[in-house]
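Trainee: Respectively, the protein sequence lines represent chains A and B.
FYI, in the working numbering the residues of the first sequence are 1 to 437.
FYI, in the working numbering the residues of the second sequence are 438 to 874.
Glycine included, each C-beta is placed from N, C-alpha and C at the ideal position.
Note that this is a predicted model, so its numbers are computed, not measured.
There are 2 protein chains.
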Amino acid sequence: MRLSSFFLPTLKETPTEAQIVSHRLMLRAGMIRQTSAGIYAWLPLGHRVLKKIEQIVREEQNAAGAQELLMPTIQSADLWRESGRYDDYGKEMLRITDRHEREMLFGPTNEEMITDIFRSFVKSYRQLPLNLYHIQWKFRDEIRPRFGVMRGREFLMKDAYSFDIDADSARRSYQKMFLAYLRTYARLGLKAIPMRADTGPIGGDLSHEFIILAETGESGVFCHKDWMELDVLKDAPNVEDDLQPFFDQVTAIYAATDEKHDAATCPVAESDLVSARGIEVGHIFNFGTKYSKPMNAVVAGPNGESIPVEMGSYGIGVSRLMGAIIEASHDDNGIIWPDSVAPFNVGLINLKVGDAETDRVCLDLYGKLQAAGLDVAYDDRDERPGAKFADMDLIGLPWQLVVGPRGLKSGVVELKRRATGEKEELSVEAALAKLTA
Amino acid sequence: MRLSSFFLPTLKETPTEAQIVSHRLMLRAGMIRQTSAGIYAWLPLGHRVLKKIEQIVREEQNAAGAQELLMPTIQSADLWRESGRYDDYGKEMLRITDRHEREMLFGPTNEEMITDIFRSFVKSYRQLPLNLYHIQWKFRDEIRPRFGVMRGREFLMKDAYSFDIDADSARRSYQKMFLAYLRTYARLGLKAIPMRADTGPIGGDLSHEFIILAETGESGVFCHKDWMELDVLKDAPNVEDDLQPFFDQVTAIYAATDEKHDAATCPVAESDLVSARGIEVGHIFNFGTKYSKPMNAVVAGPNGESIPVEMGSYGIGVSRLMGAIIEASHDDNGIIWPDSVAPFNVGLINLKVGDAETDRVCLDLYGKLQAAGLDVAYDDRDERPGAKFADMDLIGLPWQLVVGPRGLKSGVVELKRRATGEKEELSVEAALAKLTA
């Protein structure tokens, strides 16, 4: 992509309305624009990152055996009356009346709808276990939306729903998602700690939140200091194995949100306990028959008996993850994207547009890097080098390749790694070889 | 994907509520489920096709130089008051009041919002031309939703918006999209005829609908019989060339919707005129300054003067296209997917699950076909051969590979092409070679 024609409205000033760094940087880097309170348009740069995060979430759901479908945003109120949640949900639910005066709503979550789909088609225990997920826009009418995409009203969520014949099988489905979530965060360059959590309006008795430690986190959390160094995935089993030992091992290391933490009964010595702020980036629930019983989602068991299915639900905030990644990975100059979700792999900076040799080398590199399968942002704008360096640091691509007439005279270009600031002068061929290795 | 665990609720009975063949087949093939009037969930098979159609639309937009972003579904009523369309739109607009009593709406289209984004960031003619698009769910509260996804209330649309400094440049942007649309339909296996059309509530003076001829089409259309045989893309220029001669050549061949057609002035002799029914699968508009003037979307021209931008918008109904493809490509036994959008490339049918040699050969083929990059639906269900053949014809995968003990004794498997019904017995190796060629 040539930046001369790319729609990338970066800002020089720091937006005063943004309270946290991820919100400020997303606005400054031209990634989002607020269109109403807590509602955002994703500009091309932000959209590219959103798609990359979504794809990693999708791949890990598929690898864990979940199947993708897509439910609509607008739901019927009647479904929510069946579960009893229509009145419980309060003002956070965006309620809508259509032209025929039917009561509808913009889905904040999909337990009722997926249970309805399930009961329409699945009749036998032989069709279980089943895990269905979708990645769809949700709406929660927050009274005070803030922190940009971290606490918006319209947000993109992946929600999965598992259906099992009994509690043992349901536990196994829960553990599969538990592992899939840890793998997802690792691929996003995030360290997320699973914490015992309250189940809230979703219900059930087993629940974990996945929390990123960050000073700007919305909730207080407590964990054993061992979590600071731990790589829980190092010895993680294959998803088809027995996951109970792995699950027991990980959850034995203390971590709890402040609703669950009780200083009086906490098993960790005070000197070993870390008290911090955290950002929730996922929440999983095992809620048994809370929805299947009232909604009559039953299957025939081996002896023909009617059995309400055991369910769980598993949510990841896809759009919120973008904010969380930036909170975890930035410096004073801007964002530092992990390679896996960077909007482009390489930023190619032409220091003197119009200089024949510089233009020629840049175009040659641009073509060859793309041919090697890399996404390249080619800064061919007629701007001062300082502005180009600042923008490139701001948008945080993993590599910067700087080409100018002075370097070319000595036969070199400069390659900079955004995360470390490390710079290296090398020949055009060597730079190409290093980036495409 | 193994069909034994794939969520594919095919129906044996023909659903009585469905009036047209695409709706019936999508329900029978387990692709969709209605969740409210005119609102559908996309089950895994339908979702796979939806994603493939979306990706082809995206690739052709990108190839034409349009840039993808993503606007939210919920918009502020105030924006629509600026253009004057808030009252015009009537009951088809889903109006919403949020918890703070602010008037919102579920976007039926995005001219106002994109114009607002544009005017916030683009200040100079040097930033033009610009074409921004998104692929997002829309809502139109149809009084009588029908024909399944062909006329639903919540639907997926790609809408692009072009911004140019003058009418000449705007015409060029329009022609680029005109060509991109023709290429998109060709890749989807559809023959779409561009027809002069009314501009309706979008406005403007130049507009084309792209129409698929089909008996179940919702509108009457007229065209020269030359369209029946024509391949307009045969001599189509590169998108960077001057497109005017191509555009003139294609639009010179008569084609018009019934609103635009007038028998008294039609230049085509009656014997050369085809009168038919058509399905609209795209609509493009050049509407000049209809939105930029009231919304003050102006840029500085070369001499510093303030110029309202010339705009166009370009819509393709992504979810509706699935219905249109099925209307155009099916037989009595089910759907016949074009290769480009098939949910899987190959259906692998195991005729005797539990027979050691049949299972072994199937598993071997399943692995090798997937390793070659093909999407395979492996029917390993414990069902009669007749049920498997019927389901496979119904879901319409391009190739069926049938493996059974009797054939294997003679060293052969059967390969069937769904579109033609052509069958061929050949060795396992030869079948593999043919499918992966």
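Is DSSP giving N733 (chain B) helix, strand or coil here?
Mentor: coil
Trainee: Could you work out which residues of chain B lie near E68 (chain A), taking near to mean beta carbons separated by less than 7 Å?
Mentor: P481 and H484
Trainee: What's the call for R577 (chain B), buried or exposed, on a 16-neighbour Cβ count within 10 Å?
Mentor: Looking at its Cβ environment, which holds 16 or more other Cβ atoms inside 10 Å, R577 (chain B) is buried.
Trainee: Could you check the C-alpha separation between V559 (chain B) and V736 (chain B) for me, to the nearest Å?
Mentor: Each residue's alpha carbon lies about 7 Å from the other.
Trainee: What number of angstroms, rounded off, separates the C-alpha of Y378 (chain A) from the C-alpha of G791 (chain B)?
Mentor: 57 Å
Trainee: Return helix, strand or coil for N62 (chain A), following the three-state DSSP convention.
Mentor: helix
Trainee: Looking at the ligand NAP, does it come within less than 8 Å of A264 (chain A), judged from the CB to the closest heavy atom?
Mentor: No copy of the ligand NAP occurs in the structure displayed, which carries no ligand at all.
Trainee: Between which residues of its own chain and A18 (chain A) is the CB-CB distance below 7 Å, once the five residues before and five after are set aside?
Mentor: The answer, listed in chain order, is R24, L27 and G148.
Trainee: Short of 6 Å in beta carbon distance, which residues of its chain neighbour L643 (chain B), apart from the five on each side in sequence? Order them along the chain.
Mentor: Within the same chain, L643 (chain B) has close Cβ partners N723.
Trainee: Quick check on the DSSP output: the alpha helix (DSSP H) that includes V865 (chain B) runs from which residue to which?
Mentor: Per DSSP, the continuous alpha helix (DSSP H) segment holding V865 (chain B) begins and ends at V865 to T873.
Trainee: If you follow the alpha helix (DSSP H) that T109 (chain A) is part of, which residue opens it and which one closes it?
Mentor: Where T109 (chain A) is concerned, there is no enclosing alpha helix (DSSP H), given that its DSSP letter is neither H nor E.
Trainee: Would you mind reading off the limits of the beta strand (DSSP E) that contains C660 (chain B)?
Mentor: S656 to H661
Trainee: In this structure, how does DSSP classify K574 (chain B) when only helix, strand and coil are distinguished?
Mentor: According to the sequence provided, residue 574 (chain B) is Trp. The question's Lys does not apply to it. Of the three classes helix, strand and coil, the one that applies to W574 (chain B) here is strand, per DSSP.
Trainee: Alpha carbon to alpha carbon, what distance is there between R277 (chain A) and S750 (chain B)?
Mentor: Spanning the two alpha carbons is a distance of roughly 46 Å.
Trainee: Does the beta carbon of M113 (chain A) come closer than 9 Å to any beta carbon on chain B?
Mentor: yes
Trainee: Give me, in chain order, the residues of the same chain whose beta-carbon lies closer than 7 Å to that of L233 (chain A); leave out the 5 immediate sequence neighbours on both sides.
Mentor: L182, R183 and A186
Trainee: What did DSSP end up calling K409 (chain A) once you bin it into helix, strand or coil?
Mentor: helix
Trainee: With 9 Å as the limit, tell me which residues of the region 20–41 of chain A have their beta carbon closer than that to any beta carbon of chain D; keep them in chain order.
Mentor: In the displayed structure, chain D is absent; the protein chains listed are A and B.
Trainee: Helix, strand or coil: how does DSSP classify K368 (chain A) here?
Mentor: helix
Trainee: In chain order, what residues of the same chain have a beta carbon less than 6 Å from the beta carbon of R633 (chain B), not counting five sequence neighbours either side?
Mentor: A693 and K697
Trainee: In this structure, how does DSSP classify R277 (chain A) when only helix, strand and coil are distinguished?
Mentor: Strand.
Trainee: Residues of chain B with a CB under 8 Å from the CB of W137 (chain A): which are they?
Mentor: Going along chain B in sequence order, the residues near W137 (chain A) (Cβ under 8 Å) are P509, T510 and W574.
Trainee: Opposite G771 (chain B) in the DSSP bridges: which residues?
Mentor: B:D768
Trainee: Mind reading off the beta-carbon distance from R470 (chain B) to S120 (chain A)? Whole number of angstroms is fine, and I expect it under 8 Å.
Mentor: 7 Å
Trainee: Is R102 (chain A) close to chain B? Criterion is C-beta to C-beta, closer than 9 Å.
Mentor: yes
Trainee: Per DSSP, A377 (chain A) is paired with what?
Mentor: Here A377 (chain A) is bridged, per DSSP, to A:G347.
Trainee: One question on the structure: do M614 (chain B) and A503 (chain B) come within less than 9 Å of each other, judged by their Cβ atoms?
Mentor: yes
Trainee: Once DSSP output is grouped into helix, strand and coil, what is the label at V458 (chain B)?
Mentor: helix
Trainee: For chain B, is any of its Cβ atoms less than 9 Å away from the one on G65 (chain A)?
Mentor: yes
Trainee: Could you pull out every residue in the same chain whose Cβ sits closer than 6 Å to the Cβ of L165 (chain A), ignoring the five residues on either side in sequence?
Mentor: The displayed chain sequence assigns Ile, not Leu, to residue 165 (chain A). Excluding positions up to five away in sequence, the list reads Y125 and L128.
Trainee: Pick from B:D679, B:R485, B:R518 and B:I649: whose alpha carbon is nearest that of E717 (chain B)?
Mentor: Ranked by how close their Cα comes to the Cα of E717 (chain B), the residues B:D679, B:R485, B:R518 and B:I649 have B:I649 in first place.
Trainee: Answer with yes or no whether the minimum CB distance from S76 (chain A) to chain B is below 9 Å.
Mentor: yes
Trainee: As an exercise, report each continuous beta strand (DSSP E) stretch of at least 3 residues that is fully enclosed by the region 47–100 of chain A, in chain order.
Mentor: 74–76 and 94–97
Trainee: Leaving out five residues on either side along the sequence, give the residues of the same chain with a beta carbon under 7 Å from the beta carbon of G317 (chain A).
Mentor: F155, M157 and V281
Trainee: At a cut of 8 Å, does the region 820–840 of chain B reach the region 851–863 of chain B through at least three beta carbon pairs?
Mentor: By the criterion of at least three beta-carbon pairs nearer than 8 Å, the region 820–840 of chain B is in contact with the region 851–863 of chain B.
Trainee: If we cut at 9 Å on Cβ distances, does K91 (chain A) have a partner in chain B?
Mentor: yes
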